[in-house]
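*Asks:* Residue numbers for the sequence shown follow numbering that gives the first Met the number 0, so the first one is 0 and each next one is one higher. All C-beta atoms, glycine included, are put in the ideal place defined by N, C-alpha and C. Everything numeric in this text was worked out from a predicted model, so none of it was measured. Once you've had a glance at the structure underneath, I'll fire off some questions.
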Amino acid sequence: MSLDPMLALQANQRPLPDALAPVGHWRRAGVLLLGGGGTLGAAVLQRLLGAGGFAQVNVRVTQPLAARPRGLHDCVLPEGGDWADLRTSAAVAVMVFDVAKAREGAIWMPQPDDVLPAARRLKALSVRCLVLVMPHAPHRLPAALREGLWGMDEQALVTMGFEHLVLLRPAAGASGSAGPARTPGWQGWGERLAGWMLSNLRFMVPTRQLPVRPDSIAALVVALVHALEKQTPAEGAGASRTWVVPAETVWAAAQPEGLHRTVQALVQFNSGGCDAA
0 MSLDPMLALQ
10 ANQRPLPDAL
20 APVGHWRRAG
30 VLLLGGGGTL
40 GAAVLQRLLG
50 AGGFAQVNVR
60 VTQPLAARPR
70 GLHDCVLPEG
80 GDWADLRTSA
90 AVAVMVFDVA
100 KAREGAIWMP
110 QPDDVLPAAR
120 RLKALSVRCL
130 VLVMPHAPHR
140 LPAALREGLW
150 GMDEQALVTM
160 GFEHLVLLRP
170 AAGASGSAGP
180 ARTPGWQGWG
190 ERLAGWMLSN
200 LRFMVPTRQL
210 PVRPDSIAAL
220 VVALVHALEK
230 QTPAEGAGAS
240 RTWVVPAETV
250 WAAAQPEGLH
260 RTVQALVQFN
270 SGGCDAA
């Protein structure tokens, strides 16, 4: 199967990753994308290829790709295949939840039940940063996928010991509902961050009703990975430094000139640079 020709054309018109400097260890080691199909997955893939600066972008597929953009490598693991057979030297893994389009049959898309076994294998392969990107329009997903995401055991992910674990929440309008209420504790700091950011960024309220474009979410994913590469890993065995990015924060990053300020605020907040109480 071949990828979208427009995706290939756009990627080939952009500079090679080697031309983007400085390049840190993560970008030299490359990135693995699990879920490169659908509107959101394709946007993340295009952003990784074009602006990510990674020496190599790998995408999991169920069969070899007949044609692919420059810089893209297929990571073949058949549907239902054993995660123990997955091979990658990537330092970063991005898992995107979306529904693949008909022409993307070879692009593997994750289900909620794949998260923990995939994460265990990625940790065993020395992946240092795991990013989970939730659907930007969860109401359009099949009910089983949507409910599985809400019931995902995020605490189990936290204890796996990745240097950085990033959880991007669904991003409808900032004032829209992104799903059931979260439990108190570590999951609540992202919501507190959103309130702190929105009180400082002062964006136009009416635009908060608009949905966030997939490309804006993809840009946030890449910007966060670049920022986290410079951050200190979590201390203690088995600890993951967790970055919860709620829908309100995703929305803030999508506003004009909001991306850089949002990433700075996330780093500052999670590094103890502001009051999280």
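Using alpha carbons as the reference points, say which of A89, T87, V132 and R102 lies closest to P109.
*Replies:* V132
*Asks:* Quick check on this structure: which residue in P134, L144, G79 and D152 has the alpha carbon closest to the alpha carbon of P210?
*Replies:* P134
*Asks:* Mark E256 as exposed unless 16 or more other C-beta atoms lie within 10 angstroms of its C-beta, in which case mark it buried.
*Replies:* E256 is exposed by the Cβ-count criterion.
*Asks:* Which residues in the same chain as R119 place their Cβ atom closer than 8 Å to its Cβ, once the five residues preceding and following it in sequence are excluded?
*Replies:* W82 and M159
*Asks:* With a CB to CB cut of under 7 Å and the five nearest residues on each side skipped, what residues in its chain are close to L258?
*Replies:* A218, L219, A222 and A252
*Asks:* For L64, name the three-state secondary structure that DSSP assigns.
*Replies:* It is coil, neither helix nor strand.
*Asks:* Helix, strand or coil: how does DSSP classify W242 here?
*Replies:* strand
*Asks:* Kindly indicate which three-state DSSP category R119 falls into: helix, strand or coil?
*Replies:* helix
*Asks:* Helix, strand or coil for R59 per DSSP?
*Replies:* strand
*Asks:* Classify E78 as buried or exposed, calling it buried when 16 or more other Cβ atoms lie within 10 Å of its own Cβ.
*Replies:* Looking at its Cβ environment, which holds fewer than 16 other Cβ atoms inside 10 Å, E78 is exposed.
*Asks:* Are L129 and F161 touching if we call contact CB-CB under 7 Å?
*Replies:* yes
*Asks:* Residues in its own chain within less than 6 Å of V91 by CB, not counting five upstream and five downstream?
*Replies:* Cβ neighbours of V91 within its own chain (closer than 6 Å, five residues either side excluded): W25, V30, C128 and V224.
*Asks:* Assuming L265 and V244 form a contact by the criterion Cβ under 8 Å, report the distance between their Cβ atoms to the nearest whole angstrom.
*Replies:* 7 Å
*Asks:* Output the distance between the C-alpha atoms of P68 and V56, rounded to the nearest integer angstrom.
*Replies:* 10 Å
*Asks:* Compute the Euclidean distance between the alpha carbons of V126 and R102, then round it to the nearest angstrom.
*Replies:* 30 Å
*Asks:* Between which two residues does the beta strand (DSSP E) containing L39 stretch?
*Replies:* Premise fails: L39 lies in the alpha helix (DSSP H), G37 to G49, not in any beta strand (DSSP E).
*Asks:* Quick check on E146: buried or exposed, where buried means 16 or more other Cβ atoms within 10 Å of its Cβ?
*Replies:* exposed
*Asks:* Ignore the nearest five residues each way along the sequence and tell me which others in P111's own chain have a CB closer than 6 Å to its CB.
*Replies:* G147, L148 and M151
*Asks:* Mind reading off the beta-carbon distance from W242 to L164? Whole number of angstroms is fine, and I expect it under 8 Å.
*Replies:* 7 Å
*Asks:* Please report how far the alpha carbon of Q267 lies from the alpha carbon of E228, in whole angstroms.
*Replies:* Rounded to whole angstroms, Q267 to E228 spans 15 Å at the Cα level.
*Asks:* My guess is that L76 and L85 are in contact by the Cβ rule of under 8 Å, so how many angstroms apart are they, rounded?
*Replies:* 5 Å
*Asks:* On a CA-only basis, which of R240, I216, F53 and A246 is nearest L156? Give me that one, please.
*Replies:* Per the Cα distances, R240.
*Asks:* Rounded to whole angstroms, what is the Cα-Cα separation between A98 and S215?
*Replies:* Strictly speaking, residue 98 in this sequence is Val, with Ala absent from that position. The straight-line gap from Cα to Cα measures roughly 18 Å.
*Asks:* Hey, could you find the ends of the alpha helix (DSSP H) V221 is sitting in?
*Replies:* P213 to L227
*Asks:* Report buried or exposed for G80, applying the criterion of at least 16 other Cβ atoms within 10 angstroms of its Cβ.
*Replies:* Using a 10 angstroms sphere on the CB of G80, the tally of other CB atoms stays under 16, which defines it as exposed.
*Asks:* For G40, which residues from the same chain have a beta carbon less than 6 Å from its beta carbon, with the 5 sequence-adjacent residues on both sides left out?
*Replies:* When the five nearest sequence neighbours on each side are left out, the beta carbons in the same chain lying within less than 6 Å of the beta carbon of G40 are those of G34, V95 and D97, in order along the chain.
*Asks:* When the Cα atoms are used, what is the spatial distance from G37 to Q230?
*Replies:* Taking the straight line from one Cα to the other gives about 31 Å.
*Asks:* Go through its chain and collect everything with a Cβ distance to A50's Cβ below 7 Å, but skip five positions before and after it.
*Replies:* If the five residues before and after A50 are omitted, its C-beta is found closer than 7 Å to the C-beta atoms of V221, all from its own chain and listed in chain order.
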